[in-house]
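Please read the structure below before turning to the comments.
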Amino acid sequence: MGLLIDSGSLENLWRQLAKRLGTENQELDLSLRLPVVIGCTSECRPYIMLLCNTRPKALNSLKAIDVRVTARQSPIKENWSLTFILKDWSLLHAFAEICLAFIERIRRSSSERSALREIYATMDQWRRLLKTADGTGINTLRGICGELLASFEIAKLTSRSVDMTCEAWTGPYGAPQDYSFESERCYWEIKTIHSNAKRIKISSPEQLDTSDRRINLVTVVLNEPSGTNEEHLVNLSRIIELLLRVSDDPYRTGLCIDNGLDTLGLEQYSDLARHTMFAVGAATVYAVEEDFPRVTVKTVPAGITGLTYEIETAAMKPFITSSDTEVMAVSPEE
């Protein structure tokens, strides 16, 4: 007979096991098609482990939950484990609810295979539930803020108006680079990073391919607010307001920005956009020259598609052409 347990009892078990880090776990319910074990890692992170005869498929981790597939030795052929590890104790109650959902779905399953399918389905539902609120939504918002802030920097470096740079904003439309000045074959790729970033992600070989164009790579630092008085805090609306303030044609520039946001499915006045603040750091420009560390279309072997890669920021330093700690043409305090 299976063990009946509620989220409060499960939370208490984890708190007790945290006192014996990594040395003891609790067999929660071994009557299930996938036996369930809970414990705390040596780093004091609560986990739930499902024991399997066959290798479970690898699952992507959530922002607050690591997912691991591990081989193990077992006299009863439970040779694999699927483990979910919580990174943040403040989310313990929510983690307990997810684990209870696992247990309930496993209990209704007729085989190990069907039980694993239920686990995959549960994870997919939680991932989709949290995606807009905390995952892709914020990442998209952060990237857009970085791209629009770069409009100030491009305008300053090229002696253009922000009207011209906003008209050249092609990032939302799937172009290889975020700003495209076609008549000059000059392009700008923007990467929004944290101040402690060690590498940046490049989404395709075309993104830094200079075979038929000049490309400048710009990194814009946007950190989470730390509460210090020296920070320049902005949200999406504030950035747009500042762009329109220095625009010669606010209506047309506003239309360029609105069309880009609509294409990306981001609402300027949504709760997410209004209440998410970023601390603005430096904008650094790199010249993508012949020996810049990158993958180009010519260097990709035949048959390789969908290639993404990362560049270490340290390897890019020799190619810096400018760095500006006053990114915006108008100070946020004005």
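Note that the working numbering gives residue 809 to position 141 of the sequence shown, counting from 1, and the numbers run on in steps of one.
Where a beta carbon is used, it is the ideal one built from N, C-alpha and C, also for glycine.
Remember, it's a predicted structure, so these values are computed and weren't measured experimentally.
Task: Which of helix, strand or coil DSSP assigns to L932 - done: helix
TODO: Using the Cα positions of N891 and A818, report the straight-line distance between them to the nearest angstrom.
DONE: 15 Å
Open item on the list: My output table needs one value for K985: the three-state DSSP class, helix, strand or coil.
Closed with: If DSSP states are grouped into helix, strand and coil, K985 belongs with the helices.
Open item on the list: If you reduce the DSSP assignment to three classes, tell me which class V968 lands in.
Closed with: Coil.
Task: Coil, strand or helix - F960 by DSSP - done: Coil at F960, not helix or strand.
Task: Backbone secondary structure at T878 - three-state DSSP - done: Residue state, collapsed to three classes: coil.
Open item on the list: If you reduce the DSSP assignment to three classes, tell me which class E994 lands in.
Closed with: coil
TODO: Using a threshold of 8 Å, state whether the C-beta atoms of R853 and R828 are closer than that.
DONE: no
Open item on the list: Suppose the cutoff is 7 Å on Cβ atoms and the five residues either side in sequence are ignored; what does the same chain contact list for I868 look like?
Closed with: K859, I861, T887, E978, I979, T981
Open item on the list: One question on the structure: do D992 and E821 come within less than 8 Å of each other, judged by their Cβ atoms?
Closed with: yes
Task: Cβ pair Y812, L932 closer than 8 Å - done: Strictly speaking, residue 812 in this sequence is Ile, with Tyr absent from that position. Yes, the Cβ-Cβ distance between I812 and L932 is below 8 Å.
- [ ] Using 7 Å as the cut-off, classify the Cβ of T976 as near or not near the heavy atoms of the ligand HEM, replying yes or no.
- [x] Ligands displayed in this structure: none; no statement on the ligand HEM is therefore possible.
- [ ] Go ahead and label G895 buried or exposed: buried means 16 or more other beta carbons lie within 10 angstroms of its beta carbon, across all protein chains shown.
- [x] exposed
Open item on the list: Bridge partners for T709 per DSSP, in chain order?
Closed with: By DSSP's assignment, T709 forms no beta bridge with any residue.
Task: Cβ contact (3+ pairs, closer than 8 Å) linking the segment 836 to 850 and the segment 936 to 954 - done: no
Open item on the list: Assuming S777 and A783 are in contact, meaning their beta carbons sit under 8 Å apart, how far apart are those beta carbons, in whole angstroms?
Closed with: 4 Å
TODO: Specify the secondary structure class of I744 as computed by DSSP and reduced to three states.
DONE: coil
Task: Continuous alpha helix (DSSP H) assignments of at least 4 residues falling wholly in the segment 825 to 856 - done: With a minimum length of 4 residues, the continuous alpha helix (DSSP H) runs that stay inside the segment 825 to 856 are 830 to 835.
Task: Distance, L719 Cα to F946 Cα - done: F946 and L719 have their C-alpha atoms some 43 Å from each other.
Task: Neighbourhood of G922 by C-beta, 7 Å cutoff - its chain only, sequence neighbours within 5 removed - done: L912
Open item on the list: Relative to the C-alpha of L816, which candidate in I774, C767, I908, R775 has its C-alpha closest?
Closed with: I908
Task: Same chain only: Cβ atoms within 6 Å of M717, ignoring 5 sequence neighbours per side - done: V705, S749, T751
Open item on the list: I'd like the list of long-range same chain contacts for H761, defined as Cβ closer than 8 Å, with 5 residues on each side in sequence excluded.
Closed with: S675, E679
TODO: Assign V965 to one of two classes, buried (16 or more other C-beta atoms within 10 Å of its C-beta) or exposed (fewer than that).
DONE: Only exposed fits V965, as fewer than 16 other CB atoms lie within 10 angstroms of its CB.
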